[in-house]
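Residue numbers (this note's numbering): 11 to 489. C-beta atoms are modelled at their ideal positions from N, C-alpha and C, and glycine is treated no differently.
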């Protein structure tokens, strides 16, 4: 290929990517990679396009190239595509994060800020960019509203879009004791602001690819904590503690994290009791058959792997009374998954697709499902708690990574830990038993609905007290 041709094609592919036309971008990246293999960046781009489209013809090849490049040549990909890849272990993720942080940060991390005695009220800063209608704030807004203002001051440092204005952001502005807009400020300036504000504990609610990690590297607070957003640790001494629980990070898996693990008693994940309750919604309105058992996963399609789809299709073949309900983020997802179903001996007509919807409608339509099938190794996080809130049991497969253990944590906090399986065979068997045992399935649903407000997962007042007691522990453990 002539250099000019490659350059022109690459610009076209990048433009398609930027504009959201992943199918056209994928085809060009594939053509370039076939003609000129070995460029990890382009292989990674093809892989990312492919998983978001559920286009799996080159899935194994692309995954192996990225993995082998990491293990033998020192290259790496970063972010959610790795969490969704069955080719990378927890040890791999830790090493990848370490490499990223070595490149991202200056050689030296600043020394820890001095702690000033034991203040009457701990000043807790939350540094992030999602203080609006986004999954993270949907989870934690109730926690912020319930915080004990006599013992704690909560200060938000918002690096996101300052023009964002929606009900969740309005609640956030009201709930935080102070709300700082830091969009457009450099890391040095933000760090100095945090120091001037005398923050005792700084909680980072972004992932390690966010530029705000540079604020952490300046150590503006005596205690720095990772929370919610980055389910694989940081691999660098910019964070002292990772908030988890005994399920997502049990003691035997602590070796895969560079931070000290701070555990909450039930689940690490907060939830908002004011989130919409499911309203009456018919299967007809959702395009679903009334006379079938509806198995569902309305999470991001990029989390679906060929191996997990194998299991889902095995369940469908074994139980002809079932249909599978999935999320369609673009037309190619539906076309590709129908093709994959037919290749696995399943009538593609048994697959039904839902489009992205607003939160209230999404919560309501979830109740039309009989059983939620979780993805692996990147399971549902907010999606799993949404399903449980709507009264839908979730079957999950537990691995060694944080991202593969979240649904198990949530199930533990609603008293349904038996639905957290440890092998592919157990996953298929557990789903199959519930499909055939409608009485047990109905009992699980009744348990979730009737006890919705008292289950530990959704008891935000108790969670807030546990969370703040944990913060006090971290303060006293800071040395």
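On the three-pair Cβ rule with 8 angstroms, is the stretch 442–456 touching the stretch 135–144? Because the criterion of three Cβ pairs below 8 angstroms is not met, the stretch 442–456 and the stretch 135–144 do not touch.
Secondary structure of residue 448, DSSP reduced to three states: It is helical.
Residue 237 versus residue 215: straight-line alpha-carbon distance, rounded: Residue 237 and residue 215 have their C-alpha atoms roughly 6 angstroms apart.
In this structure, does DSSP put residue 275 in helix, strand or coil? Residue 275 falls in the coil class under three-state DSSP.
Nearest-angstrom beta carbon gap, residue 296 and residue 206 [assumed within contact, 8 angstroms]: Wrong, their Cβ atoms sit about 52 angstroms apart, outside the cutoff.
Where the alpha helix (DSSP H) through residue 485 begins and ends: Unbroken alpha helix (DSSP H) run through residue 485: 470–486.
Excluding five sequence neighbours on each side, which residues of the same chain lie with their C-beta closer than 7 angstroms to the C-beta of residue 191? Hits under 7 angstroms: 168, 172.
What is the C-beta distance between residue 36 and residue 59, in whole angstroms, given that I count them as a contact (C-beta under 8 angstroms)? Contact between residue 36 and residue 59 is confirmed by a C-beta separation of about 4 angstroms, below the 8 angstroms threshold.
Taking the runs of the beta strand (DSSP E) that are 3 residues or longer, which of them lie wholly in the stretch 203–283? Listed in chain order, they are 211–214, 233–236, 251–255, 270–274.
In the DSSP assignment, the alpha helix (DSSP H) including residue 350 goes from what residue to what residue? Counting along the chain, residue 350 sits inside the alpha helix (DSSP H) bounded by residues 341–353.
Go through the stretch 347–426 residue by residue and report every complete run of the alpha helix (DSSP H) that reaches 4 residues or more, in order. Listed in chain order, they are 369–376, 392–399, 416–423.
Might you give, ordered along the chain, the residues of its own chain that have their beta carbon closer than 7 angstroms to the beta carbon of residue 142, omitting 5 neighbours on each side? Result list for residue 142: 170, 174, 176, 178, 179, in chain order.
Would a C-beta distance cut-off of 8 angstroms place residue 298 and residue 322 closer than the cut-off? The answer is no: Cβ separation not under 8 angstroms.
Reduced DSSP secondary structure (H/G/I, E/B, other) of residue 114: For residue 114, the secondary structure class from DSSP, reduced to helix, strand or coil, is helix.
Can you look up residue 137 in the DSSP assignment and give me helix, strand or coil? Residue state for residue 137 is assigned as strand, using DSSP reduced to three classes.
Under 8 angstroms between C-beta atoms of residue 468 and residue 274: Cβ atoms of residue 468 and residue 274: not closer than 8 angstroms.
Taking 7 angstroms as the limit between beta carbons, can you name the residues of its chain near residue 278, skipping five residues before and five after? Taken in chain order, the residues that qualify are 253, 254, 255, 258, 419.
Which of the three DSSP states, helix, strand or coil, is assigned to residue 167? In the structure shown, residue 167 sits in a strand (DSSP, three-state: E or B).
Taking 8 angstroms as the limit between beta carbons, can you name the residues of its chain near residue 377, skipping five residues before and five after? Excluding five sequence positions before and after residue 377, the CB atoms of its chain that fall closer than 8 angstroms to its own CB belong to 288, 291, 400, 401, 402, given in chain order.
My assumption, with CB atoms under 8 angstroms, is that residue 413 sits in contact with residue 242. Please give the rounded CB distance. Their Cβ separation, rounded to whole angstroms, is 7 angstroms, which keeps residue 413 and residue 242 in contact under 8 angstroms.
Suppose the cutoff is 8 angstroms on Cβ atoms and the five residues either side in sequence are ignored; what does the same chain contact list for residue 339 look like? Residues 62, 310, 311, 366 of the same chain have their beta carbon placed closer than 8 angstroms to that of residue 339, with the five preceding and five following residues left out of the count.
Element boundaries [alpha helix (DSSP H), containing residue 45]: Per DSSP, residue 45 belongs to the alpha helix (DSSP H) from 32–45.
Give the straight-line distance between the Cα atoms of residue 165 and residue 349, rounded to the nearest whole angstrom. The straight-line gap from Cα to Cα measures roughly 50 angstroms.
For residue 303, the first and last residue of its enclosing alpha helix (DSSP H): Not the alpha helix (DSSP H): residue 303 falls in the beta strand (DSSP E), residues 303–307.
Could you pull the start and end residues of the beta strand (DSSP E) that residue 188 belongs to? Here the beta strand (DSSP E) through residue 188 covers 188–191.
Grab me the residues of residue 185's own chain with a C-beta within less than 6 angstroms of its C-beta, minus the 5 sequence neighbours each way, in chain order. Only 154, 155 meet the Cβ criterion.
Check whether residue 131 and residue 162 have beta carbons under 8 angstroms apart: Yes, Cβ-Cβ distance for residue 131 and residue 162 is below 8 angstroms.
Name the residue from 50, 272, 67 whose alpha carbon lies nearest to the alpha carbon of residue 479. Of the listed residues, the one whose Cα sits closest to residue 479 is 272.
For chain C, check one thing: does any of its Cβ atoms lie closer than 8 angstroms to the Cβ of residue 378? The displayed structure is made up of one protein chain only, and chain C is not part of it.
Closest to residue 90 by CA distance: which of 405, 388, 482 is it? The residue among 405, 388, 482 with its C-alpha nearest the C-alpha of residue 90 is 388.
Give the C-beta separation of residue 316 and residue 69 to the nearest angstrom, bearing in mind that I take them to be a contact with Cβ-Cβ under 8 angstroms. The Cβ separation is near 6 angstroms, so the contact holds.
Spatial neighbours of residue 240 in its chain, beta-carbon cut-off 7 angstroms, leaving aside the 5 residues before and after: The residues are 217, 218.
For residue 292, three-class secondary structure by DSSP: Coil at residue 292, not helix or strand.
Alpha carbon to alpha carbon, how far is residue 301 from residue 448? Approximately 14 angstroms between the Cα atoms of the pair.
Spatial neighbours of residue 318 within its chain, please: C-beta separation below 7 angstroms, excluding the five flanking residues on both sides. Once the five neighbours on either side are set aside, the close Cβ partners of residue 318 are 385, 386.
Report the option in 66, 427, 114, 34 whose CA atom is closest to the CA atom of residue 276. Comparing Cα-Cα distances from residue 276 to each of 66, 427, 114, 34, the minimum goes to 427.
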